[in-house]
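So the sequence shown is residues -18 to 193, counted in our numbering. Think of the CB as a built atom: it goes at the ideal place given N, C-alpha and C, for glycine as much as any other residue. See below for the structure under consideration.
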Amino acid sequence: MMKPICLLFLILGMAAAQESKSIRLPAPDLSGGKPLMQALRERKTSREFSAKPLPPQALADLLWSAFGINRPATGGRTAPSAMNAQEIDVYVAMAAGLYLYEPAKNSLELVLPEDIRAVTGRQAFVKDAPVNLVYVADFSRAKKFGERKEFLAAADAGFISQNVYLYCASSGLATGVRASFDEQALSRAMHLKSDQKVILAQAVGYPRPPSP
Ligand SMILES: Cc1cc2nc3c(=O)[nH]c(=O)nc-3n(C[C@H](O)[C@H](O)[C@H](O)COP(=O)(O)O)c2cc1C
-18 MMKPICLLFL ILGMAAAQES KSIRLPAPDL SGGKPLMQAL RERKTSREFS
32 AKPLPPQALA DLLWSAFGIN RPATGGRTAP SAMNAQEIDV YVAMAAGLYL
82 YEPAKNSLEL VLPEDIRAVT GRQAFVKDAP VNLVYVADFS RAKKFGERKE
132 FLAAADAGFI SQNVYLYCAS SGLATGVRAS FDEQALSRAM HLKSDQKVIL
182 AQAVGYPRPP SP
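This is the structure:
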């Protein structure tokens, strides 16, 4: 039989392991950034990224802009969704693993401790970008969409993508959305359920400096 002290260490160890599966993000910085008209002027698709990782504050600001909660009293989000279904989940593929953004907790929950960035697109640059967001519809939260579910989920993911484009333009980051990926391979790599569907992926990082 295990001694009580060993049991205590085991429980503490398990608690620590649980802890590391969740990354608490800093509160989003809702000040600053370029004015909207300037961000719109600078919005563009980039396909070259520096490998430099995003600092936690930039990651927090990016994810809040993408689909964070901007009206805590109602749970309202920074992007609209058909019938307010909020059926799009934002997954974050980084070198350290695949995470799920949890807006209510302002955290990243570890889904897989694997680098799946290369599977999030068919183009070579996707593995260079430090962050690849993957917008996944969970149709179990969108039963009311009926036959229009794929159309409405695509529209909803588009709003999130544009929020990311504008955040990136506003803060000097590079980004590019894409529909080009091997859907089966990506769904398998992400261990998605049968009622989840990948809609779009979007690379985010610092612009790659021009070679000398
Ligand atoms: C739904 C959608 C899917 C796209 N898929 C890809 C893609 O798979 N790969 C890519 O390099 N760019 C992709 N793009 C980016 C477009 O090619 C880009 O927006 C277009 O060339 C206009 O350039 P701009 O965004 O700089 O204005 C996609 C854009 C949209 C809206």
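At a Cβ-Cβ threshold of 8 Å, residue 92 and residue 182 do not count as neighbours. The Cβ atoms of residue 144 and residue 60 sit closer than 8 Å to each other.
For residue 130, the enclosing alpha helix (DSSP H) starts and ends at 130 to 152. Between the stretch 16 to 23 and the stretch 97 to 110, the count of Cβ pairs shorter than 8 Å is below three; the stretches do not touch. Your pair residue 136 and residue 63 checks out as a contact, with CB atoms roughly 7 Å apart and the cut at 8 Å. By the CB criterion at 8 Å, residue 54 and residue 106 fall outside the cutoff. Residue 90 sits in a strand when the DSSP states are folded into three classes. Fully enclosed alpha helix (DSSP H) runs of no fewer than 4 residues occupy 37 to 48 of the stretch 30 to 55, in order along the chain. When secondary structure is reduced to three states using DSSP, residue 14 falls in the coil class, being assigned neither helix nor strand.
Segment contact: the stretch 126 to 141 against the stretch 69 to 76, three or more CB-CB distances shorter than 8 Å; contact assigned.
Residue 79 is bridged by DSSP to 74, 93. With contacts defined by Cβ atoms closer than 8 Å, residue 153 and residue 30 do not form a contacting pair. Cβ contact annotation for residue 146 (same chain, cutoff 7 Å, sequence separation greater than five): 24, 156, in chain order.
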